[in-house]
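Here is the structure we will look at.
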Amino acid sequence: MIIAAIKPFKLEEVREALTTIGVRGMMVSEIKGFGAQSGHTEIYRGAEYAVNFVPKIRLEIVVADELAEPVVTAIRTTARTDKIGDGKIFVLDVEHAVRVRTGETDDDAL
Amino acid sequence: MKRLAKLSLSAGIAALSALPAWAQEAAATVAEVAAVVEKGDVAWMMTATTLVLFMTLPGLALFYGGLVRSKNMLSVLMQCTMIAAVAMILWVVYGYSMAFGGGTSPFWGGFAKAFLAGVSLDSTAATFTDGVALPEYLFIAFQMTFAVITPALIIGGFAERIRFSAVLAFVVIWLTFSYFPVAHMVWDASGLIYNWSAIDFAGGTVVHINAGIAALVAAIMTGKRVGYGRDNMAPHSMTLTMVGAAMLWVGWFGFNAGSNLEATAGATLAMMNTFLATAAAILAWSAIEALTRGKASMLGAASGMVAGLVAITPACGTTGPMGAIVLGAVTSAGCYWFVTTVKHRLGYDDSLDVFGVHGVGGIIGAIGTGILCAPALGGTGFLVEAGTMGAQVMAQIMGVVVTILWSGVVSVAALLIVKSLFGLRVREEEEREGLDLTSHGERAYNL
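Those sequence lines, one after another, are chains X and H. Taking this note's numbering, I'd label the letters of the first sequence as residues 1 to 110. Taking this note's numbering, I'd label the letters of the second sequence as residues 111 to 557.
Structure, rendered in structure tokens:
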């Protein structure tokens, strides 16, 4: 499984790149977080608020082992803007997978 | 509004008395003739009355609602709605009488017109023109919408922490002992401030300073919101705040140009000034922000808009258009400085800057009115007998000082009474949870 946090406006580009290399599904959620990019300040009539968490998109993609590296590369090349806050990618092992409709398991379920 | 308020006798009675007068002495003076009600004036003033209601519902409600956190949105909308309802009933029960009941005390109008006693389809109220009158019902309705918006303005001072019952009790006491008497003092022909010849065309003292001081006192006595200065209390919807501010501007034409009471050139001057002072104030606030912070914000432009509207309120009938531009810009700068710098130094929590915008803007506007009505500056002239700027400004300052003291004292007393009856604040955990759920049992947004 690949978990990635990316800039929200990059989502469509990343989805296209992943479907081209054969990824057939992914989970997407809107999240907030911080890393090297550390938020910003908002000012309302002189009242300053530090907004420490920045909106990001979290992708979760489960693929067969041989597709993992191409997925990481595709995300890294498309989500990149060369500016702070481009995000992070994590790769994890998945123990088991089941397709709900058919009961197929593991690679067949993906 | 009204350098008037000497309500004429009911047209019916006047007509009856005029006829025999003519029969007996042919040379009866024209002044004896019953005042004429013009259909054009009636149509305009009914429109203006509706516009002023629109300022409160939904204008002010949305302007304020957008500025609070989403968990308190409904509490603000509900307080505005309930205050409107309470003020309307109170107005016809005794408010109108206390303000314009015909009593000759400089402080209040008596109870002669309580429950609208003596008001009929035939009774009239005077305008600025001799011999031209409005149906009294229309004058009552127009003035009623002013009694609605003034207490609604105050809730911005204690928003996000006040107990609902406390709001209602406070409004009843404050309207009774501050709004009705001050309206009488400023606008009734027997009123104290009226007779000093202070100019307050549409309610700079009666509405804005009156409400601004009450909000300041209420903000201090209620105490700061939990987490003030630490938690993020950013407005939950600048979109609704802009929508509400723009509705206020539209409604304000009823407020200012309607205060002319007739569909005449005087009303069109008030209309022009209500455009221009506001435009200048928006530009001033945004320019200051852009220069000092590098970015011009929507909240800044909306705040400038309201500051300009407040500023021109007392002056709109007596200032020239160029004077209006100056007054709007200067007041905007004054309010900006107050809400961004002075307030934070003083450390009180006036949640939505009612005092900073309406109080400070009202004071600058009221005093500026005394300067800009000068014919040399394009104004329509001084009202004071001495006929000098110094005397006019002095009359303006005296009106401001009396209003500040009156509203301040009444507000302190009213809040002490309400505190002992109901308590002012909700419990801390209710405040954290939000007033929408804990006071009203519903949520503004179920997305």
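All C-beta atoms in this analysis are idealised placements derived from N, C-alpha and C, irrespective of residue type, glycine included. Here the structure is a predicted model, which means the values were calculated and not measured.
>> Taking its Cβ as the centre, do 16 or more other Cβ atoms sit within 10 Å of H:P485, making it buried, or is it exposed?
In response: By the neighbour-count rule (16 or more Cβ atoms within 10 Å), H:P485 is not buried but exposed.
> With 16 other CB atoms within 10 Å as the buried threshold, where does H:W132 fall?
Replying inline: Residue placement at H:W132 is poorly supported in this model, since its pLDDT is 41, which falls under 50; the coordinates still yield a value, given next. Exposed, since its Cβ has fewer than 16 Cβ neighbours within 10 Å.
> How would you list, in chain order, the residues of chain H whose beta-carbon sits under 7 angstroms from the beta-carbon of X:I31?
Replying inline: When 7 angstroms is used as the limit between beta carbons, X:I31 is near no residue of chain H, the shortest such separation being about 17 angstroms.
>> Counting only Cβ-Cβ distances shorter than 9 angstroms, please list the residues of the stretch 326-347 of chain H near chain X, keeping chain order.
In response: Listed in sequence order: G339, D341, N342, M343, A344 and P345.
> Does DSSP classify H:P261 as helix, strand or coil?
Replying inline: If DSSP states are grouped into helix, strand and coil, H:P261 belongs with the helices.
>> Is the beta carbon of H:V449 closer than 8 angstroms to that of H:D463?
In response: Yes.
>> Taking the alpha-carbon of H:W284 as reference, which of H:V467, H:V522 and H:N370 has the nearest alpha-carbon?
In response: Scanning H:V467, H:V522 and H:N370 for the CA closest to the CA of H:W284 turns up H:V522.
> With a cut-off of 8 angstroms, do at least 3 Cβ pairs link the stretch 165-182 of chain H to the stretch 343-360 of chain H?
Replying inline: Touching, yes, given that three or more Cβ pairs across the two stretches are closer than 8 angstroms.
>> Just to check my reading of the structure: H:L545 and H:L534 have Cβ atoms closer than 8 angstroms, yes? What is that Cβ distance to the nearest angstrom?
In response: Not a contact, Cβ separation roughly 13 angstroms.
> Within the 8 angstroms Cβ cut-off, does X:G39 reach chain H?
Replying inline: It does not; no Cβ of chain H falls within 8 angstroms.
>> With distance defined between alpha-carbon atoms, name the residue in H:A251, H:F385 and H:F164 nearest to H:M156.
In response: Comparing alpha carbon positions, the residue from H:A251, H:F385 and H:F164 closest to H:M156 is H:A251.
>> Among the candidates H:E399, H:S407, H:A373 and H:I422, whose CA atom is the shortest distance from the CA of H:A387?
In response: From the listed residues H:E399, H:S407, H:A373 and H:I422, the smallest Cα separation to H:A387 is found for H:I422.
> So with Cβ pairs under 8 angstroms, would you call H:V282 a contact of chain X?
Replying inline: No - not a single Cβ of chain X is within 8 angstroms of the one on H:V282.
> Roughly how many angstroms lie between the CA atoms of H:A224 and H:Q506, to the nearest whole one?
Replying inline: Distance between the alpha carbons of H:A224 and H:Q506: 31 angstroms.
>> Give me the DSSP bridge partner(s) of X:G33.
In response: X:V54, per the DSSP bridge assignment.
> Which residues does DSSP pair with X:F90 in a beta bridge?
Replying inline: Answer is X:I3.
> Below 8 angstroms, can you find three or more Cβ-Cβ pairs linking the stretch 15-23 of chain X to the stretch 406-425 of chain H?
Replying inline: Contact between the stretch 15-23 of chain X and the stretch 406-425 of chain H is not established, with fewer than three Cβ pairs separated by less than 8 angstroms.
> Nearest to H:A411 by CA position, among H:L393, H:C426 and H:H468, is which residue?
Replying inline: Taking only the C-alpha atoms, the option nearest H:A411 is H:L393.
> Quick one: does X:G46 have its CB under 8 angstroms from some CB of chain H?
Replying inline: By this cut-off, X:G46 is an interface position.
> Between the stretch 475-491 of chain H and the stretch 337-344 of chain H, do at least 3 Cβ pairs fall closer than 8 angstroms?
Replying inline: The stretch 475-491 of chain H makes no contact with the stretch 337-344 of chain H, as fewer than three CB pairs between them are under 8 angstroms.
> In terms of residue numbering, what span does the alpha helix (DSSP H) encompassing H:T349 cover?
Replying inline: Segment M348 to G368, the alpha helix (DSSP H) holding H:T349.
> beta strand (DSSP E) containing X:E42: first to last residue?
Replying inline: Boundaries of the beta strand (DSSP E) harbouring X:E42: H40 to Y44, taken from the DSSP string.
> Cβ atoms of H:W362 and H:T378: under 8 angstroms apart, would you say?
Replying inline: It is not a contact, given that the beta carbons lie outside the stated cut-off.
> Around the Cβ of H:L129, are there at least 16 other Cβ atoms within 10 angstroms (buried) or fewer (exposed)?
Replying inline: Residue confidence for H:L129 is low, a pLDDT of 41 falling below 50, so the modelled location carries little weight and cannot support an answer.
> Would X:F53 be called buried (16 or more neighbouring beta carbons within 10 Å of its own) or exposed?
Replying inline: Result: exposed.
> Ordered along the chain, which non-local residues of its own chain (more than five positions away) have a Cβ less than 8 angstroms from that of H:T498?
Replying inline: Within the same chain, H:T498 has close Cβ partners F492.
> Going by C-alpha distance, which of H:I265, H:V203 and H:V317 is nearest H:A325?
Replying inline: Closest option to H:A325, Cα to Cα, is H:I265.
> Taking C-beta to C-beta, are H:G472 and H:G322 nearer than 8 angstroms?
Replying inline: A contact, by the Cβ cut-off of 8 angstroms.
> Assuming H:I193 contacts H:V258 under a Cβ cut-off of 8 angstroms, what Cβ separation, rounded to an integer in Å, is found between them?
Replying inline: So it is a contact: roughly 7 angstroms between Cβ atoms.
> Using a Cβ-Cβ distance under 8 angstroms, would X:I2 count as near chain A?
Replying inline: Here the protein chains are X and H, and chain A is not one of them.
> So which residues on chain X does H:V449 lean against when the C-beta distance must stay under 7 angstroms?
Replying inline: Chain X residues near H:V449: R45 and G46.
> Residues of chain X with CB under 8 angstroms from H:H550, in chain order?
Replying inline: Here the premise fails: no neighbours, minimum Cβ distance about 25 angstroms.
>> When you compare the CB positions of X:A68 and X:K10, do they come within less than 8 angstroms of one another, or not?
In response: No, Cβ-Cβ distance for X:A68 and X:K10 is not below 8 angstroms.
> Per DSSP, which one or two residues make a beta bridge with X:M27?
Replying inline: X:E60, per the DSSP bridge assignment.
>> Pop quiz: H:V196 and H:V282 are said to be a contact at Cβ under 8 angstroms. What is the actual Cβ separation, rounded to whole angstroms?
In response: Taking a contact as a CB-CB distance under 8 angstroms, the pair H:V196 and H:V282 counts as one, their CB atoms being some 7 angstroms apart.
> Are there three or more Cβ pairs, one per stretch, closer than 8 angstroms when the stretch 514-521 of chain H is compared with the stretch 286-302 of chain H?
Replying inline: Judged by Cβ distances under 8 angstroms, the stretch 514-521 of chain H makes contact with the stretch 286-302 of chain H, as three or more pairs qualify.
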